[in-house]
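Peer 1: Have a look at the structure that comes next, please.
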Amino acid sequence: MPPYCDFDFANIYNWSDKKSKTGISLLNKNLVIRMKDFTSDRIIVSYLGADNDAKTATALVNKFKEVTMVPEAVFSKGAPKTNSLLIKDDRDNFDYILSIEEMINLFGGKFKQKRKLIHRFTKNYPDHKVIILDFSKTTDVIHLNNLLTRWKDLKKSCDKEVDREFKALQRLVENSSLYRIVNVGILYKDKLVAFTTNEIRKDYAIGGFGKADFLKIFVATILRGKDTPKADKKLE
Numbered sequence: 001m002p003p004y005c006d007f008d009f010a011n012i013y014n015w016s017d018k019k020s021k022t023g024i025s026l027l028n029k030n031l032v033i034r035m036k037d038f039t040s041d042r043i044i045v046s047y048l049g050a051d052n053d054a055k056t057a058t059a060l061v062n063k064f065k066e067v068t069m070v071p072e073a074v075f076s077k078g079a080p081k082t083n084s085l086l087i088k089d090d091r092d093n094f095d096y097i098l099s100i101e102e103m104i105n106l107f108g109g110k111f112k113q114k115r116k117l118i119h120r121f122t123k124n125y126p127d128h129k130v131i132i133l134d135f136s137k138t139t140d141v142i143h144l145n146n147l148l149t150r151w152k153d154l155k156k157s158c159d160k161e162v163d164r165e166f167k168a169l170q171r172l173v174e175n176s177s178l179y180r181i182v183n184v185g186i187l188y189k190d191k192l193v194a195f196t197t198n199e200i201r202k203d204y205a206i207g208g209f210g211k212a213d214f215l216k217i218f219v220a221t222i223l224r225g226k227d228t229p230k231a232d233k234k235l236e
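Under the UniProt record's numbering, the residue at position 82 of the sequence shown is numbered 82, and the numbers go up by one with no gaps.
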């Protein structure tokens, strides 16, 4: 079973709310989490595991009425055979598993649009640099905060939504030394204009946060990841 970001410890901890503590338990050998939703104040419940899936799902629905963000792999043997559950896809919470090799090479028709975006970006911003951010350095954190301020102005999201995500990112920065995270940034004219955070696992890398201060650069940040091993410049 591949890792799922919603059940990643760093993700759970960073998004947890002190006023509504996150709960973790086992039910029928399945991991159950109860926490505040990432983008709203409602409480959500989910679980991960493939043991007694129908029994587990029914028990949770009977108690909480709704169970969300359940990975497809939980139903590896098919959906629970019961008429008491309504199961539907939740596209807003999909995890996407991408091939690193494909994203580096970008061969074929399905990557045509992405190749155009990268070409346009490198043509318009030839002096950009792909760098590795170190959140233990004050200068890097300052550059990050400046970028987030510009992103907030561009995004024009509601204050509560932006504040919630900003706090989660602050937690990640404060505890970045505890995780195997590679923070990739794009520097343009000595200004940080985009970044992504990527937690390294045995066979996977889990994408976390990603922000940019102008359109299209976010795509380039991810797709220019092939340049990351060569990026040795630090922000100053």
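Cβ atoms here follow ideal geometry from the backbone N, Cα and C, with glycine treated the same way. Keep in mind that this is a model prediction, so the values were computed, not measured.
For the putative contact between Val70 and Tyr96, defined by C-beta atoms under 8 Å, what is the C-beta separation to the nearest angstrom?
Peer 2: Wrong, their Cβ atoms sit about 16 Å apart, outside the cutoff.
Peer 1: Let's see if you can read the secondary structure: which residues bound the alpha helix (DSSP H) around Tyr13?
Peer 2: Its alpha helix (DSSP H) spans residues Phe9 to Trp15.
Peer 1: Taking the alpha carbon of Thr197 as the reference point, which residue from Lys36, Ala59, Asn183 and Ala205 has its own alpha carbon closest?
Peer 2: Checked all of Lys36, Ala59, Asn183 and Ala205; the closest Cα to Thr197 is Asn183.
Peer 1: Any idea what DSSP makes of Lys233, helix, strand or coil?
Peer 2: With a pLDDT of 38 at Lys233, under the threshold of 50, the modelled position of this residue cannot be trusted, and the question is left open.
Peer 1: To the nearest angstrom, how far is it from the Cα of Leu41 to the Cα of Lys18?
Peer 2: According to the sequence as given, residue 41 is Asp; it is not Leu. Going by the C-alpha atoms only, they are around 12 Å apart.
Peer 1: By the DSSP assignment, the beta strand (DSSP E) with Leu85 in it spans what residues?
Peer 2: Segment: none, Leu85 is in no beta strand (DSSP E) and carries neither H nor E.
Peer 1: Would Phe209 be called buried (16 or more neighbouring beta carbons within 10 Å of its own) or exposed?
Peer 2: Answer is buried; the Cβ neighbour count reaches 16.
Peer 1: Just list the residues that DSSP pairs Val67 with in beta bridges.
Peer 2: Its beta-bridge partners do not exist; DSSP assigns none.
Peer 1: In the DSSP assignment, what are the bridge partners of Lys152?
Peer 2: Its beta-bridge partners do not exist; DSSP assigns none.
Peer 1: According to the neighbour-count rule (16 or more other Cβ atoms, all chains shown, within 10 Å of its Cβ), is Glu236 buried or exposed?
Peer 2: A caution first: Glu236 carries a pLDDT of 33, below 50, which makes its placement in the model unreliable, though a value can still be read off. So Glu236 ends up on the exposed side.
Peer 1: Note the first and the last residue of the continuous beta strand (DSSP E) segment covering Asn30.
Peer 2: Looking at the DSSP string, the run of the beta strand (DSSP E) that includes Asn30 is Asn30 to Lys36.
Peer 1: Spell out the partners DSSP gives Tyr204 in its beta bridges.
Peer 2: Its beta-bridge partners do not exist; DSSP assigns none.
Peer 1: Tell me the rounded alpha-carbon separation between Lys202 and Ile181.
Peer 2: Rounded to whole angstroms, Lys202 to Ile181 spans 13 Å at the Cα level.
Peer 1: Can Leu187 and Lys129 be called in contact, C-beta distance under 8 Å?
Peer 2: Result yes, Cβ atoms of Leu187 and Lys129 sit closer than 8 Å.
Peer 1: For Asn11, is the classification buried or exposed, using 16 other Cβ atoms within 10 angstroms of its Cβ as the cut-off for buried?
Peer 2: By the 10 Å Cβ count, Asn11 comes out buried.
Peer 1: Enumerate in chain order the residues of its own chain whose CB-to-CB distance from Leu85 is below 7 Å, with the five nearest sequence positions on each side excluded.
Peer 2: Within the same chain, Leu85 has close Cβ partners Ala57, Thr58 and Val61.
Peer 1: Grab me the residues of residue 240's own chain with a C-beta within less than 6 Å of its C-beta, minus the 5 sequence neighbours each way, in chain order.
Peer 2: One cannot answer for residue 240 here, as it falls past the ends of the chain, which runs 1 to 236.
Peer 1: Determine the closest residue to Lys189 out of Tyr125, Lys116 and Asn28, with distance taken between C-alpha atoms.
Peer 2: When only C-alpha atoms are compared, the closest one is Tyr125.
Peer 1: Report the three-state DSSP secondary structure of Thr22 (helix, strand or coil).
Peer 2: Coil at Thr22, not helix or strand.
Peer 1: Roughly how many angstroms lie between the CA atoms of Asp163 and Ile104, to the nearest whole one?
Peer 2: Distance between the alpha carbons of Asp163 and Ile104: 34 Å.
Peer 1: By DSSP, does Phe107 sit in helix, in strand, or in coil?
Peer 2: Here Phe107 sits in coil by DSSP.
Peer 1: Going straight from the alpha carbon of Phe7 to that of Arg171, what length do you get?
Peer 2: Approximately 17 Å, taken between the alpha carbons.
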